[in-house]
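If you count by our numbering, then the sequence shown holds residues 8 to 180, one letter each, in order.
Only one structure is covered here, and it is reproduced in the block below.
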Amino acid sequence: MPVKRILQLGDPILWQVCDLISDFDSDRTRSLIEDLDHTLADFRKRNGFGRGIAAPQIGIARRAIFVRMHPGGFAGPMINPWIVRESEERIEMWDDCFSFPNLLVRLTRAKEILVEYHDVDGAVQSLSAQGDFAELLQHEIDHLDGILSTDRAIDSQSFMTREEWIRQGLESK
Ligand SMILES: [Zn+2]
């Protein structure tokens, strides 16, 4: 079954630091990437949003994410992604997560980052990202270190239900 259940806030696996992947050319890693791809696509189809997923969210504490920027942006897996550089300039935003889709968290993220990662063949790739894409990658890479957006909340009032977030018209801000 390629579509996996998405772990929900409170599951201790989400706070675990994930293991590096070195067996690029293995069935285990290939099926992990495929499961992430299918689970992300399924979530997006059912909910109308969703651009990235991290392995611990499907219960696998290994360092892999799958990203699909729409439309026409980067799409594919990133294995062992790490942030090489980040801008001093930060942006404040409402962050959401598949593992608690009805809770938005106000936090700041670097505006631009340089990321390196392994591709499915184990080769090191690098890319620079800004704006939405940079925010997303920081969110997904945090998952690999067991860090959730709730851990990065600016203060105790940096939480909002999705219903209230929509009611206040914050989706476009
Ligand atoms: Zn998340």
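Note that beta-carbon positions come from the ideal geometry of N, C-alpha and C, so glycine has one too.
What you are looking at is a predicted structure, and each value in this text was computed from that prediction instead of being measured.
Please name the residue or residues paired with residue i in a DSSP beta bridge.
i, result
"Phe73", "Ile60, Pro84"
"Trp101", "Arg113"
"Ala136", "Ile120"
"Phe166", "Val112"
"Glu93", "Ile120"
Leaving aside the five residues before and after residue i along the sequence, list all residues of the same chain whose C-beta is less than 7 Å from its C-beta, in chain order.
i, result
"Ile98", "Thr115, Arg116, Lys118"
"Pro9", "Glu41, Asp42, His45"
Report the CB separation of residue i from residue j in whole angstroms; it is logged as a contact under 8 Å.
i, j, result
"Val91", "Leu121", "5 Å"
"Asn109", "Leu27", "Not a contact, Cβ separation roughly 32 Å."
"Leu72", "Met85", "Checking the sequence, you will find Ile at residue 72 rather than Leu. Ile72 to Met85, Cβ: 5 Å. Contact."
"Ser133", "Glu123", "5 Å"
"Phe107", "Leu16", "4 Å"
Taking only heavy atoms of ligand 1 into account, decide whether any of them is closer than 6 Å to the Cβ of residue i.
i, result
"Cys104", "yes"
Who are the Cβ neighbours of residue i in its own chain at under 8 Å, not counting the five residues just before and after it?
i, result
"Met76", "Arg58, Ala82, Asp139, Phe140, Leu143"
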